[in-house]
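This report refers to the structure that appears directly beneath it.
Put into structure tokens, the structure is as follows:
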């Protein structure tokens with residue numbers, strides 16, 4: 012009896028050991044799976060054909076958005092978008108936040124320029140104004156999960172515009188003024204970029220814009236003192252101002268012509284000439300011969316008349 016009981020206990024212990032071993036193997040199985048890198052784009056779900064493994068029941072997702080200095084509301088970014096503003100700030104946020112490290116890369120091949128930030132956190136921000144110009148960009152966002160897996164999203168054909176064309180406006184002279192001494196040429200400028208510094212070139216035209224003469228180059232003032240007293244006085248003057256922010260430029264000029272100068276150029280009337288008839292030697296000879304023949308004929312006629320009268324009377 013004791014021998015049968017002993018055999019029964021041994022059988023039970025063996026089954027228990029087998030069950031325990033099976034449980035241990037099931038628990039260790041996930042840890043033996045290889046670490047896989049996943050690649051996403053902004054329009055699809057997981058594109059990797061490899062075996063998938065995440066330490067969380069929720070698949071990590073990415074939120075890519077942007078803000079600007081004048082608009083702090085986060086706006087989502089997708090491939091093909093056009094985003095613009097003063098200091099476009101791109102922001103990536105991964106959820107759930109089971110990440111060891113994340114990276115954000117912005118590439119502008121046409122400039123060319125690349126911005127890159129990488130840190131041990133789930134949220135990153137980057138100021139794209141550092142690209143140095145406006146351009147169509149490729150945005151790559153990557154993260155490394157706590158199990159070592161890497162996930163990446165790519166956004167293509169995203170136009171990022173940080174730089175605006177400055178607009179200059181001539182204030183004075185703007186048409187119909189009469190300047191005879193020292194006056195200030197003045198202008199104003201507006202731009203979507205608050206931090207831009209501007210340089211100006213100033214010109215004037217004495218012939219309604221057909222040609223221009225340079226007054227000053229690369230000044231950072233919005234006025235220029237102009238002494239126009241030594242100019243020829245005319246009502247066909249125009250002023251033009253050109254502005255640049257180092258990348259883009261624009262121009263403006265007086266809306267109409269104005270009068271300037273003190274030097275009056277006298278106008279002279281050409282003398283009136285009386286046409287004269289020039290007689291050639293041949294003409295003179297013909298006249299003399301004609302007069303001689305006329306006198307000779309007159310003499311003959313006189314003699315004929317004289318003798319005829321004597322005959323009849």
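In the numbering used here, the protein residues as written are 12 to 324.
Just so you know, even glycine gets a beta-carbon here, dropped at the ideal spot from N, CA and C.
What residue range is occupied by the uninterrupted beta strand (DSSP E) comprising residue i?
i           : result
residue 148 : 146–156
residue 238 : 234–238
residue 181 : 178–183
residue 228 : 224–230
residue 249 : 245–255
residue 260 : 260–264
residue 75  : 72–78
residue 270 : 269–271
residue 6   : In the structure as shown, the chain starts at 12 and stops at 324, and residue 6 therefore has no counterpart that could be examined.
Between residue i and the rest of its own chain, which residues show a CB-CB distance below 6 Å, the 5 nearest in sequence each way excluded?
i           : result
residue 185 : 265 and 266
residue 112 : 131 and 155
residue 204 : 97 and 175
residue 189 : 270
residue 227 : 213 and 235
residue 172 : 95 and 145
residue 219 : 247 and 268
residue 119 : 142, 146 and 148
residue 129 : 114
residue 233 : 198
residue 92  : 169
To which residues of the same chain is residue i closer than 8 Å at the C-beta, ignoring the five residues directly before and after it?
i           : result
residue 82  : 96
residue 80  : 96, 97, 98 and 205
residue 84  : 78
residue 133 : 104, 105, 106, 108, 110, 113 and 154
Grouping DSSP H, G and I as helix and E and B as strand, with all else coil, what is residue i?
i           : result
residue 300 : helix
residue 9   : Because residue 9 is not part of the residues shown, which for the chain are 12 to 324, the question remains open.
residue 143 : coil
residue 314 : helix
residue 307 : helix
residue 199 : strand
residue 204 : coil
residue 169 : strand
residue 94  : strand
residue 164 : strand
residue 218 : coil
residue 83  : coil
residue 174 : coil
residue 274 : strand
residue 213 : strand
residue 193 : strand
residue 242 : coil
For residue i, collect the residues of the same chain with a Cβ closer than 7 Å to its Cβ; drop the 5 residues on either side in sequence, then sort them by chain order.
i           : result
residue 143 : 122 and 124
residue 73  : 103, 105, 152 and 164
residue 207 : 177 and 256
residue 167 : 90 and 149
Rounded to the nearest angstrom, how far is the Cβ of residue i from that of residue j, given a contact under 8 Å?
i           : j           : result
residue 147 : residue 101 : Not a contact, Cβ separation roughly 14 Å.
residue 174 : residue 259 : 7 Å
residue 248 : residue 230 : Going by Cβ atoms, the distance from residue 248 to residue 230 rounds to 20 Å, so no, they are not a contact pair.
residue 179 : residue 252 : 5 Å
residue 245 : residue 217 : 6 Å
residue 149 : residue 115 : That belief does not hold up - the Cβ atoms of residue 149 and residue 115 are roughly 12 Å apart, past 8 Å.
residue 254 : residue 261 : 6 Å
residue 274 : residue 241 : 7 Å
residue 198 : residue 182 : 6 Å
residue 109 : residue 157 : 5 Å
residue 238 : residue 193 : 5 Å
Would you check whether the ligand HEM has a heavy atom nearer than 7 Å to the C-beta of residue i?
i           : result
residue 138 : Here there are no bound small molecules, and the ligand HEM is not part of this structure.
Hey, which unbroken runs of the beta strand (DSSP E) at 3 residues or more fall wholly within the segment 105–132?
-> Considered as a whole, the segment 105–132 harbours 110–119 and 124–130 as its complete beta strand (DSSP E) runs of no fewer than 3 residues, in chain order.
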